[in-house]
Amino acid sequence: MLPSQRKIYVSQSIKVDLAEGSEISVKSSYELLGRRVGGRESLSYTKQDQNNYLRSKRQNKLAYGEAGCVLNYFPHQALKNPSFFYAVQLDSEEQITNMFWVDARMIIDYGQFGDVMSFDTTYKINKENRSFVVFVGLNHHRETVIFAGILMYDETTDSFIWLFETFLQAMSGKALKTIFTDQDTAMAKAILHVMPCTYHRLCTWHIMQNALKNVNGVFRGEVKRALSQFFDEIEEENDFLMAWNHMLEEYNVHGNTWLKSIFDIKEKWAYTYVRHAWSAGMKTTQLSESFNATLKDYLKSDLNVA
């Protein structure tokens, strides 16, 4: 189907909206709606068209609803405190996608303790699934300090590039030594683009959870025993490579694509490669997750951001 021929009709958009309201994923709703008309090829639009439609609808709601209150708050804070910094990202249609802010305390804390930071986008602030993201670190008492707050609706590489560039602008160009994140490809590309000298480490807890989902069966339920040595014990590269090959032989998993993908980025998580990088004692994004857990006591999913 040519792009010019693709269209989501009103009757279809109603069904798409109902599916989203029922918290059915885009993939599942697209398959379901396709089956109702005899197959996906009978739909007048693609799954990407459906994604684009939902994104546009959410952004319009953001621009004309809760965002208005938030954007009124930002200039008010800037008048009260000249150190308050905020920025808003717009898409090609001038719709708001992401919002970023830091206050004077955050700037001071980052100047003193901003060598290592944890960044996690999994916390959703409301029923619209908007990510509330905080850049967090540790002070000299090993207490959590916040370096920035972000409301994100668009989590593409371009948005992460905007986010990190804005963060550096707010912090007078001071880049991190080490950043901890989950295994997000778009985020990884943005970090390399904006902060090429920053050491990007992956959360080992997330990797283990992904291992349990993807390869626990082929490891006969012993995936934790098999992989834990690579997270915490092996120091030398030759020893790492020998142990990895021995593991592949022992469990006959040479062709496993997930293991190959994680091996290809071993420099971001394996103790052999990360042990010399300054990390303030962090190995995971648990700092972010602990902060997110605290937020849940104050923010409920039916609250408007404003």
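Residues in the sequence shown are numbered consecutively from 205, following our numbering.
Here a beta-carbon is modelled for each residue, glycine too, at the ideal position from N, C-alpha and C.
Predicted model, so just to flag it, every value in this text is computed and none were measured.
Legend entry - The alpha helix (DSSP H) enclosing Phe467, as first and last residue numbers: Thr461 to Asp468
Inset, instruction - For the beta strand (DSSP E) containing Glu397, list its first residue and its last residue. - result: In the sequence as presented, Glu is not what sits at residue 397; that position holds His. Counting along the chain, His397 falls outside any beta strand (DSSP E), though it belongs to the alpha helix (DSSP H) covering Thr389 to Val398.
Inset, instruction - Provide the residue(s) that pair with Val422 in DSSP beta bridges, ordered along the chain. - result: Looking at the DSSP assignment, Val422 forms no beta bridge with any residue, so it has no partner.
Legend entry - Reference Glu359; option with closest CA among Ala374, Met391, Gln387 and Glu369: Met391
Legend entry - Alpha carbon of Met451 to alpha carbon of Tyr475, nearest angstrom: 17 Å
Legend entry - Ile350 to Gly341 span [Cα, whole Å]: 6 Å
Inset, instruction - Can you check DSSP and say which residues form a bridge with Arg405? - result: Phe384
Legend entry - Inter-residue Cα distance where the pair is Phe423 and Ser233: 34 Å
Inset, instruction - Have a look at Asp307 and Leu396 and give me their C-alpha separation to the nearest angstrom. - result: 26 Å
Legend entry - Pairwise C-alpha distance: Ser217 and Gly425: 44 Å
Legend entry - Segment contact flag, the segment 426 to 439 with the segment 365 to 383, C-beta cutoff 8 Å, min 3 pairs: no
Inset, instruction - Report the partner residues of Met303 according to the DSSP bridge assignment. - result: Val292 and Leu355
Legend entry - DSSP three-state assignment for Gly485, whether helix, strand or coil: coil
Legend entry - First through last residue of the beta strand (DSSP E) which encompasses Ser335: Ser335 to Leu342
Legend entry - Three-state class that DSSP yields for Val214 in the structure shown: helix
Legend entry - Beta-carbon proximity check, Thr325 vs Met356, cutoff 8 Å: yes
Inset, instruction - Compare the C-alpha of Val427 against each of Asn442, Tyr455 and Ala447 and name the closest. - result: Tyr455
Legend entry - Residue(s) in a DSSP beta bridge with Ser322: Val340 and Phe384
Legend entry - Within 8 Å, strictly: CB atoms of Thr402 and Ala374: no
Inset, instruction - In angstroms with no decimal places, state the Cα-to-Cα distance between Lys487 and Val419. - result: 22 Å
Inset, instruction - Please state if the CB of Ser287 and the CB of Ile311 are separated by a distance shorter than 8 Å. - result: yes
Legend entry - Backbone secondary structure at Val427 - three-state DSSP: helix
Inset, instruction - Could you pull the start and end residues of the alpha helix (DSSP H) that Tyr249 belongs to? - result: Where Tyr249 is concerned, there is no enclosing alpha helix (DSSP H), given that its DSSP letter is neither H nor E.
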